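Those sequence lines, one after another, are chains A and B.
Residue numbers -18 to 216, in our numbering, belong to the letters of the first sequence in order.
Residue numbers 3 to 408, in our numbering, belong to the letters of the second sequence in order.
Report on one structure; see the data block that follows.
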Amino acid sequence: MTNMIDIDDVWKIYDVGGEKIEALKSVNLTIEKGTFISIVGHSGSGKTTLLSILGGLTKPSQGRVHIEGIDIWNLNDRELSAMRNRKIGFIFQFSSLIPTLRAIDNVALPVIYANGGGKTDRKATYEYARELLSTLGLGNKLQSFPSELSGGQQRRVSIARAFINRPSIIVADEPTGDLDMQSESEVMEFFSHNNEQEKTTFLLVTHNLALARMTDKVHTMKNGMLNQNNGGFTV
Amino acid sequence: MKIYQVALKEIGKRKMRTLYTSFGIAVAVSMLISVMITASSGQKEVFNVIARYGHSLTITPVDKSSSQSLKNFGIGTGSYIPESALPEILNVYQDAIVAGWEKIGGLIFQDGTVGIGGVAFPPPTFAPRLYEEATVKGKDVIIGGVVLDKELIARFWWDIDTGRFMDNDNEVIIGKLFATLTQTKPGDTLDIGSAKMTVTGVIRETDSPDDYMVFTSLKACQRIFNKQGKISMINVRAMCPKCPVGEAAVEINKKVLGVRATSQMEIATAQSQIFQKTTALIVSFVVASLIISCIGVFNIIMGAIHGRMREIGLLKALGASKNQLVRFFLYEAVLIGVTGGIIGFVLGSALSHIVGPILFKDIVIQVSPRFLVIAVLLGTMASIVASIYPALYASKIRVTEAFKSL
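See below:
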């Protein structure tokens, strides 16, 4: 299988008031296309930093990150922005909607930034946005503003947004944190379906071991170091 | 949806802040626009007066001994032009006018007159005056000796308020201010030197030194003050539009000794230059206030950016490039600038209607659409200049920094 992501000896060191904090220590990870992996670990173990580096949001202090063979930290701002926009769908661990836009506009937002803000197929974009929201149980909330939605509904809107550009990779940081059990199960089913049908690669950061068990591979992080495990891992 | 639509929705949510920021720009723009409208209308007024009164020259002696009181009136006594010099001055004037028209391709008739469309212009009017000082009814006043028929052409705005113009050498007409201050009316007798003169009329107010003068015939004035054959100045009305009187003035100054000819247009131009310099000074103060407004806009937008760190980080994470983020904030700047420009134009126009009449009597304030264009461009430019740094700052915010702000 083709490697979707190659993380090679990545370090992240923060300078906090003159003190060096090693958030990541020589992390190596290879993720094949279409796999669904999860990363578990305590708070402060470096999970979010790792997602942030491989998602092109935070520059590593050392090491390389390749996505489909491209060294993403050698790209210029425009190329990296385009990479984030088209290849990666982000689901953040906090509410991340633009409050002035309706749910459907929030979902369509990444398409606006695709192609340098140039021409897009508006009709197809909004049709797909509607389809995604309906699949996630928000077919009747398309025109609602974030302030009119519950925390769980807002989370589902941001999940739909992550899929709007049909990305190759979904990076999800505690994606079901605000959801009740049924919604959580529906979202995981949606992820699995997409993973199987579209061969989308998933990286899931979670504290929830039940969710982690549903993925192909589980990785643990501790003190900035990554341990690789095959599926069936228990803590 | 486009990036500018996202920006508009964002602005729509913060209408009051946008309006408040725009108002900062509007105040400075309004001051600038009111100065520009008032200056432009005032300048037009100066040239309109010249156009209304016709192109004209004033010929005076090269003055060496005028008394200070008369100089305050802008007129001189004590130095004279001999009446015998009039034909020479007229000849030099005519030759210069013909030469001037030839130079600009005007039509010259066989008899030396000039004209347009086959019709000759009427000959110029030379209206001589003699000025002398006298004490009348206990007031120091200037007595003007004039040739009435020529004077009425040269100063065609003269009109009688009460009574009539004088008919003979024993009669005088008086300025409105003098009449009011001395309680003089038609039918009264005035002692001027050793002569007793009858007042036949009062001239309607002209807003000129004429209002505080007494006029009699040139001959009577020369006789009373024993200045036969002498005149103090000559008003020349060219009687043709766009006559090259400036060149005539140059020729008279060059060829006729002892006189100084000044074209009214030169005076207007000099006034206009002083006016432009004053306007430039005021504009520099207003530009300073525009800079202060820019600092205000800068602070407000920087504050807004700090309040929207998470949104900016999110947009970057979703794929917005630096360029797109700069555009996002510049759209807001443009909207603030355009709104400020329009409000500034409206306020500035209103202000010029208040300030204009205080500075210029009878001014007609002319608000041209070009001032709207200037106001909008100026407001937009100021807003963009003030927003460039905040926009660049926003574009450089690191996503992780933005997320830390949660």
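We put the beta carbon where it would ideally sit given N, CA and C, even for glycine.
Please read all numbers here as calculations on a predicted model, not as lab measurements.
Check, Outcome
"7 Å Cβ shell around L332(B) - same chain, five flanking residues per side excluded", "I386, S389 and A393"
"N189(A) - DSSP class collapsed to helix/strand/coil", "coil"
"Within chain A, the residues that K15(B) reaches when beta carbons sit closer than 8 Å", "P80 and T81"
"Residues, ordered as in the chain, of the stretch 47 to 60 of chain A that lie near chain B by beta-carbon distance below 8 Å", "D58 and R59"
"Which of helix, strand or coil DSSP assigns to R166(B)", "coil"
"Environment of N9(A) [buried if 16+ CB atoms lie within 10 Å]", "exposed"
"Close-in-space but distant-in-sequence residues of the same chain around L380(B) (CB under 6 Å, 5 per side omitted)", "V31"
"Cβ-based neighbour list, S97(B), same chain, cut-off 8 Å, excluding 5 preceding and 5 following", "The amino acid occupying residue 97(B) in the given sequence is Asp; Ser does not appear at that position. Around D97(B): E253."
"T382(B), enclosing beta strand (DSSP E) - first and last residue", "T382(B) -> not in any beta strand (DSSP E); alpha helix (DSSP H) instead, spanning P371 to S397."
"Whole-Å CB distance - K257(B) paired with V94(B), under 8 Å assumed", "5 Å"
"Residues of its chain near A396(B), where Cβ-Cβ distance is below 7 Å and the 5 sequence neighbours each way are ignored", "I307, I314, L327 and F331"
"Whole-angstrom distance between R166(B) and K141(B), CA atom to CA atom", "23 Å"
"Minimum Cβ-Cβ distance from R111(A) to chain B less than 9 Å", "no"
"Secondary structure of T215(A), DSSP reduced to three states", "Any reading at T215(A) must be qualified, since the residue scores a pLDDT of 42, below 50, and its modelled position is unreliable; no value is offered."
"Coil, strand or helix - L408(B) by DSSP", "Since pLDDT at L408(B) reaches only 34, below the 50 mark, its modelled position is unreliable, and the value read off the structure follows with that caveat. If DSSP states are grouped into helix, strand and coil, L408(B) belongs with coil."
"Boundaries (first-last residue) of the alpha helix (DSSP H) holding V94(B)", "L88 to K105"
"Beta strand (DSSP E) segment containing K68(A), residue limits", "Per DSSP, K68(A) belongs to no beta strand (DSSP E); it is in the alpha helix (DSSP H), D58 to K68."
"is_contact[L408(B), chain A] using C-beta, thresh 9 Å", "In this predicted model, L408(B) has a pLDDT of only 34, less than 50, meaning its place in the structure is not dependable; the value taken from the coordinates is given anyway. Chain A contact via Cβ: present."
"C-alpha gap between G260(B) and Q224(B), whole angstroms", "20 Å"
"E134(B) - containing beta strand (DSSP E), residue span", "T127 to V138"
"Cβ-Cβ separation, V201(B) to K187(B) (assumed contact under 8 Å), whole Å", "7 Å"
"Straight-line Cα distance separating A41(B) from F413(B)", "Because residue 413(B) is not part of the residues shown, which for chain B are 3 to 408, the question remains open."
"CB of F73(A) within 9 Å of CB of T196(A), strictly", "no"
"Min CB distance G44(A) to chain B below 9 Å", "no"
"CB-CB length for G186(A) against D154(A), believed under 8 Å", "The sequence shown places Val at residue 186(A), rather than the Gly named in the question. V186(A) to D154(A), Cβ: 5 Å. Contact."
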